[in-house]
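First comes the structure, then the notes that go with it.
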Amino acid sequence: MEDTTHEDHISSIDKEQLQEHLAQVTDYLKSDSTNEDLLTLKRDIEDAIQTTESLVEAQRGSNAPVTAVDLVVGDRIEVISGDRPYPGVITAINSDDGTCNLKYYEYGTEVTLPFNSLRKISNTGPFSSDKVAPGLKCQCKYAVDQKWYDAVVDSVTPDGYKITFTQFNTQSEVCLEYLRPLPLSVLSKRTAVAVEKMHSGMSSVVIPENLKIKPTDTEEIRAKKKKKIKAIKGKARIQNLEAEQSAVQNSWKAFVSKSTKKKSKGVVKKSSMFASPEAVDGRVGVTGSGQGMTDVPQRKKYKFSD
Numbered sequence: 089m090e091d092t093t094h095e096d097h098i099s100s101i102d103k104e105q106l107q108e109h110l111a112q113v114t115d116y117l118k119s120d121s122t123n124e125d126l127l128t129l130k131r132d133i134e135d136a137i138q139t140t141e142s143l144v145e146a147q148r149g150s151n152a153p154v155t156a157v158d159l160v161v162g163d164r165i166e167v168i169s170g171d172r173p174y175p176g177v178i179t180a181i182n183s184d185d186g187t188c189n190l191k192y193y194e195y196g197t198e199v200t201l202p203f204n205s206l207r208k209i210s211n212t213g214p215f216s217s218d219k220v221a222p223g224l225k226c227q228c229k230y231a232v233d234q235k236w237y238d239a240v241v242d243s244v245t246p247d248g249y250k251i252t253f254t255q256f257n258t259q260s261e262v263c264l265e266y267l268r269p270l271p272l273s274v275l276s277k278r279t280a281v282a283v284e285k286m287h288s289g290m291s292s293v294v295i296p297e298n299l300k301i302k303p304t305d306t307e308e309i310r311a312k313k314k315k316k317i318k319a320i321k322g323k324a325r326i327q328n329l330e331a332e333q334s335a336v337q338n339s340w341k342a343f344v345s346k347s348t349k350k351k352s353k354g355v356v357k358k359s360s361m362f363a364s365p366e367a368v369d370g371r372v373g374v375t376g377s378g379q380g381m382t383d384v385p386q387r388k389k390y391k392f393s394d
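So the numbering used here is basically just the index in the sequence shown, starting at one, shifted up by 88.
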């Protein structure tokens with residue numbers, strides 16, 4: 089997970105690639121309009137394409153300090169009087185002495201600071217609150233170094249969101265303005281992989297000629313064909329899954345068999361003392377029971393000749 093530059097985030101080349109992927113997904117949806125995976129992929133690509141340079145620029149905010157009239161309780165701000173910006177949320181306004189109470193996102197503690205030590209974070213970022221939900225993969229600004237890193241949204245909090253930085257596996261609470269979509273270069277690569285996988289899966293499905301949709305088909309015929317095509321693809325998808333599962337199982341069986349052979353090589357198998365004795369008068373649990381006494385050769389007395 090590396091910091092992503094501003095230029096990389098809005099690469100025009102990546103936009104063109106995403107446009108191509110969108111066209112492919114749209115074509116597939118014509119024959120399978122209810123496929124949830126395709127619909128989700130289409131929404132993700134469309135959201136990525138809508139990312140613009142002006143939205144990213146808006147996240148940087150203004151360096152001008154705020155006054156009492158600029159703030160209300162619940163506003164997200166940054167403290168600019170320290171060695172770096174510290175994000176927080178306003179919890180109370182003290183107009184009489186020119187201060188306000190705020191809670192730091194990083195520490196969860198509340199402090200009282202003057203207005204001139206704060207700046208308001210722009211609320212015109214690329215994300216709106218209705219588009220941010222648990223499970224969203226995005227980038228988040230790390231307050232300490234002010235750089236962007238890959239993250240996933242874990243939950244919604246009263247003042248923002250709990251996120252996890254995926255590479256470091258560390259959790260933090262952040263405001264909405266500290267989130268942005270994944271860079272288009274990353275999305276383009278991931279989308280290309282998803283489209284390729286989707287394409288390979290669909291290309292293996294043979295649609296009969298009589299089920300292919302024609303421009304002259306009525307809506308009723310189109311609906312019937314789509315239903316049959318969906319059934320064919322669904323069956324093929326299940327067969328592919330079963331084949332993958334079978335391959336995994338065979339691989340595991342081969343591994344276990346190989347491992348067992350290695351362990352048993354050169355090992356002498358011993359019978360258990362609790363096995364049923366072969367002799368009728370043998371007793372279970374007694375080693376050598378029913379096998380009789382061990383034959384001992386009789387000692388002879390030798391005579392030496394004079």
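The beta carbon of each residue, even a glycine, is placed where N, CA and C say it ideally should be.
I need the straight-line Cα distance from I320 to L264, nearest angstrom please. Position 232 of the sequence shown, counted from the start, is the residue given in the question as residue 320. Position 176 of the sequence shown, counted from the start, is the residue given in the question as residue 264. Rounded to whole angstroms, I320 to L264 spans 43 Å at the Cα level.
Would you kindly report the start and end of the unbroken beta strand (DSSP E) that includes D247? What you label residue 247 is simply residue 159 of the sequence shown in a count that begins at 1. D247 -> no beta strand (DSSP E), and no H or E assigned at all.
Can you grab the Cα-Cα spacing for the pair D233 / L126, in whole Å? Here residue 233 refers to the residue found at position 145 of the sequence shown. Here residue 126 refers to the residue found at position 38 of the sequence shown. Straight-line Cα distance between these residues: approximately 37 Å.
Are the beta-carbon atoms of L201 and I178 separated by less than 8 Å? Looking up residue 201 in the sequence shown gives position 113. Looking up residue 178 in the sequence shown gives position 90. No, these two residues do not count as a Cβ contact at 8 Å.
For G176, the first and last residue of its enclosing beta strand (DSSP E): Taking the sequence shown and counting its residues from 1, the one referred to as residue 176 is at position 88. Residues 174-182.
At which residues does the beta strand (DSSP E) containing E166 begin and terminate? Here the question's residue 166 lines up with position 78 in the sequence shown. 164-167 is the span of the beta strand (DSSP E), which, as asked, contains E166.
So with Cβ pairs under 8 Å, would you call T114 a contact of chain D? Chain labels in this structure do not include chain D; a single protein chain is all it has.
Rounding to the nearest angstrom, what Cα-Cα distance links I295 and I326 in this structure? Here residue 295 refers to the residue found at position 207 of the sequence shown. Here residue 326 refers to the residue found at position 238 of the sequence shown. One C-alpha to the other measures close to 16 Å.
Rounded to whole angstroms, what is the Cα-Cα separation between V144 and Q337? Reading the sequence shown from its first residue, position 56 is the one you call residue 144. Reading the sequence shown from its first residue, position 249 is the one you call residue 337. Low confidence applies to V144: its pLDDT is 45, below 50, so where it sits in the model is not reliable, and the reading given next is rough at best. Using only the alpha carbons, I get a separation of about 48 Å.
Quick check: what's the CA-CA separation for R207 versus I165? Taking the first residue of the sequence shown as position 1, residue 207 is located at position 119. Taking the first residue of the sequence shown as position 1, residue 165 is located at position 77. Using only the alpha carbons, I get a separation of about 6 Å.
Status (buried if at least 16 other CB within 10 Å, exposed otherwise) for R172: Counted from its first residue, the sequence shown places residue 172 at position 84. Flag for R172 reads exposed.
Taking only runs that begin and end inside the stretch 191-215, name each unbroken beta strand (DSSP E) of 3 or more residues, in chain order. 198-202, 206-208
Hey, quick one: how far does the beta strand (DSSP E) through T258 stretch, first residue to last? One-based indexing of the sequence shown puts residue 258 at position 170. Counting along the chain, the beta strand (DSSP E) containing T258 begins and ends at 258-262.
Among residues of its own chain, excluding the 5 on either side of K313, which ones have a beta-carbon nearer than 6 Å to its beta-carbon? Counting from 1 along the sequence shown, the entry for residue 313 is found at position 225. If we look at K313 and ignore the five residues flanking it on each side, its Cβ neighbours are L299, I301.
Could you check if A239 is buried or exposed, using at least 16 other CB atoms within 10 Å of its CB as the buried criterion? Here residue 239 corresponds to residue number 151 of the sequence shown, with the count starting at 1. With 16 or more other Cβ atoms within 10 Å, it is buried.
When the Cα of F256 is compared with those of D247, T245, Y230, T187, which residue comes out closest? Residue 256 sits at position 168 when you count from the first residue of the sequence shown. Minimum Cα distance to F256 is reached at Y230.
Does the contact criterion of 3 or more C-beta pairs under 8 Å hold for the stretch 243-256 versus the stretch 218-225? yes
For G223, which three-state DSSP category applies? Within the sequence shown, residue 223 is the residue found at index 135, counting from 1. If DSSP states are grouped into helix, strand and coil, G223 belongs with coil.
Note down the Cα distance separating S216 from A335, rounded to an integer number of angstroms. Position 128 of the sequence shown, counted from the first residue, corresponds to residue 216. Position 247 of the sequence shown, counted from the first residue, corresponds to residue 335. Cα to Cα, the separation comes out at about 44 Å.
By alpha-carbon positions, which one of Y174, V161, T128 ends up nearest to S78? Any property of residue 78 remains undetermined from this structure, which presents the chain solely from 89 to 394.
DSSP three-state call for N189: helix, strand or coil? The count along the sequence shown starts at 1 and reaches residue 189 at position 101. Strand at N189.
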